[in-house]
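Accompanying notes for the structure given below.
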Amino acid sequence: MDALAPYLPLIYTILRGLALIGLIHAIVTRQQVYWIVMLLFGALFGGLFGLAFAAVYTFMVLIPAARGGGRVAGQAVARGVEALKPLDTRIREAHERLLESDTLQHRADLAALQARAGRPDDAQATLAPLLSGIYADDPVVLLTSAELDLARSDFSAAENKLTRVDLRTSAATRTRTLTLLAQAQDAQGKPDADQTYRDAITGATTEEPRARYAAYLIRQGRTEDARALLEQIAKTESRATNLYRRQEREWFQMAAGLRKELK
12 MDALAPYLPL
22 IYTILRGLAL
32 IGLIHAIVTR
42 QQVYWIVMLL
52 FGALFGGLFG
62 LAFAAVYTFM
72 VLIPAARGGG
82 RVAGQAVARG
92 VEALKPLDTR
102 IREAHERLLE
112 SDTLQHRADL
122 AALQARAGRP
132 DDAQATLAPL
142 LSGIYADDPV
152 VLLTSAELDL
162 ARSDFSAAEN
172 KLTRVDLRTS
182 AATRTRTLTL
192 LAQAQDAQGK
202 PDADQTYRDA
212 ITGATTEEPR
222 ARYAAYLIRQ
232 GRTEDARALL
242 EQIAKTESRA
252 TNLYRRQERE
262 WFQMAAGLRK
272 ELK
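Position 65 of the sequence shown, counting from 1, maps to 76 under this note's numbering, and the rest follow consecutively.
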């Protein structure tokens with residue numbers, strides 16, 4: 012720190028200048044209000060927090076903007092800061108946005124937050140108008156509503172909605188839909204769950220259906236079939252990239268726990 016002492020006034024001036032430049036850029040490009048407030052604080056008062064924000068804005072928004080990626084970077088930072096807000100605050104703000112503009116995205120966002128807060132009944136009520144309107148057959152609406160039905164143990168309702176999803180929408184939609192459908196059928200004691208799990212595994216975009224099917228096989232007393240499936244998952248994990256391992260961590264961990272049960 013002693014070596015830096017002679018340069019601190021210069022560093023302070025540079026950061027305050029960056030705060031001013033960032034403030035102008037944030038206003039012109041209509042960035043989120045919190046950026047403008049914090050950069051204004053840094054430009055006017057030079058506080059440590061405000062100057063730190065100026066440095067963050069420079070590297071996360073200004074520099075990428077110069078390279079043509081400013082909007083994407085800004086949105087990524089906005090999502091990160093948004094995630095730091097208390098859940099109740101985010102729910103209140105999402106509800107206010109819905110009152111201002113009743114759109115599919117706003118309803119889906121509010122329902123997702125309510126579900127995360129452990130309020131599946133509220134989330135289902137938020138989605139209810141979409142299920143009888145022009146979005147009644149939208150895969151996002153049907154899948155989200157079915158997941159809420161599962162959380163509320165309304166397995167029959169979940170199954171009815173999942174059978175309406177167009178599996179041709181995408182591979183990810185097909186995988187998610189069939190996995191949830193198998194869970195709903197399993198919860199109702201329907202033998203169809205076995206074939207649905209196998210259909211979900213075919214062309215799956217995630218390890219979830221294989222891990223859940225292995226758990227299903229164990230509950231059915233088919234331990235050898237489960238062991239073979241779990242060995243396949245282990246081989247996939249050993250050959251997977253670091254990115255895929257991180258992405259599928261929950262299901263790899265679930266499979267590891269199931270393998271321990273079988274020992």
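Just so it is clear, CB atoms sit at the ideal spot from N, CA and C, and this is done for glycine as well.
It should be emphasised that the depicted structure is a prediction, and the values quoted were computed from it without experimental measurement.
With DSSP run on the structure shown, which of helix, strand or coil describes residue i?
| i | result |
| --- | --- |
| S164 | coil |
| E261 | helix |
| L95 | Residue confidence for L95 is low, a pLDDT of 46 falling below 50, so the modelled location carries little weight and cannot support an answer. |
| D149 | coil |
| S181 | coil |
| T186 | helix |
| K271 | helix |
| A139 | helix |
| L154 | helix |
| R175 | coil |
| T252 | coil |
| A87 | Confidence is the limiting factor: at A87 the pLDDT is only 44, short of 50, which leaves the residue's position unreliable, though a coordinate-based value still follows. Three-state DSSP puts A87 in a helix. |
| R82 | Per-residue confidence for R82 stands at a pLDDT of 48, beneath the threshold of 50, marking its modelled position as unreliable; no derived number is given. |
Is it true that the CB of residue j sits closer than 8 Å to the CB of residue i?
| i | j | result |
| --- | --- | --- |
| D120 | A136 | no |
| A134 | A126 | yes |
| L154 | T188 | yes |
| R8 | L124 | With the chain covering 12 to 274 only, the question about residue 8 has no answer from this structure. |
| L241 | A215 | no |
| E170 | Q196 | yes |
| L180 | P131 | According to the sequence provided, residue 180 is Thr. The question's Leu does not apply to it. Contact: no. |
| E219 | T174 | no |
| F166 | A198 | yes |
How many whole angstroms separate the CB atoms of residue i and residue j, which I take to be in contact at a CB cut-off of 8 Å?
| i | j | result |
| --- | --- | --- |
| R270 | F263 | The pair is not a contact, with the Cβ atoms about 11 Å apart (cut-off 8 Å). |
| R223 | Y208 | 7 Å |
| L273 | A237 | 7 Å |
| A128 | L138 | Actually they are not in contact, since the Cβ atoms of A128 and L138 sit about 15 Å apart, beyond 8 Å. |
Relative to the alpha-carbon of residue i, which residue among the options has its alpha-carbon at the smallest distance?
| i | options | result |
| --- | --- | --- |
| L109 | A266, R175, T213 and P140 | P140 |
| I244 | L31, I212 and V152 | I212 |
| K172 | A183, E218 and A193 | A193 |
| G200 | A251, Y227, R260 and G144 | Y227 |
| D210 | E107, R233 and A182 | A182 |
| R185 | A204, T217, S167 and S156 | T217 |
| L142 | R163, I32, S164 and V176 | V176 |
| H117 | E261, L159 and V152 | V152 |
| K246 | G144, A267 and E261 | A267 |
| R221 | A157, M265, P97 and G144 | M265 |
Taking 7 Å as the cut-off, is the C-beta of residue i nearer than that to any heavy atom in the ligand COA?
| i | result |
| --- | --- |
| A195 | As far as ligands go, the structure on display features none, and thus does not contain the ligand COA. |
Just to confirm the assignment: which complete alpha helix (DSSP H) runs, minimum length 4, are found wholly within the stretch 103 to 135? Within the stretch 103 to 135, the runs of alpha helix (DSSP H) at least 4 residues long that lie entirely inside it are, in chain order, 115 to 127.
Which ranges would you report for the alpha helix (DSSP H) in the stretch 191 to 245 if only whole runs of at least 4 residues count? Runs of the alpha helix (DSSP H) inside the stretch 191 to 245: 203 to 212 and 219 to 230.
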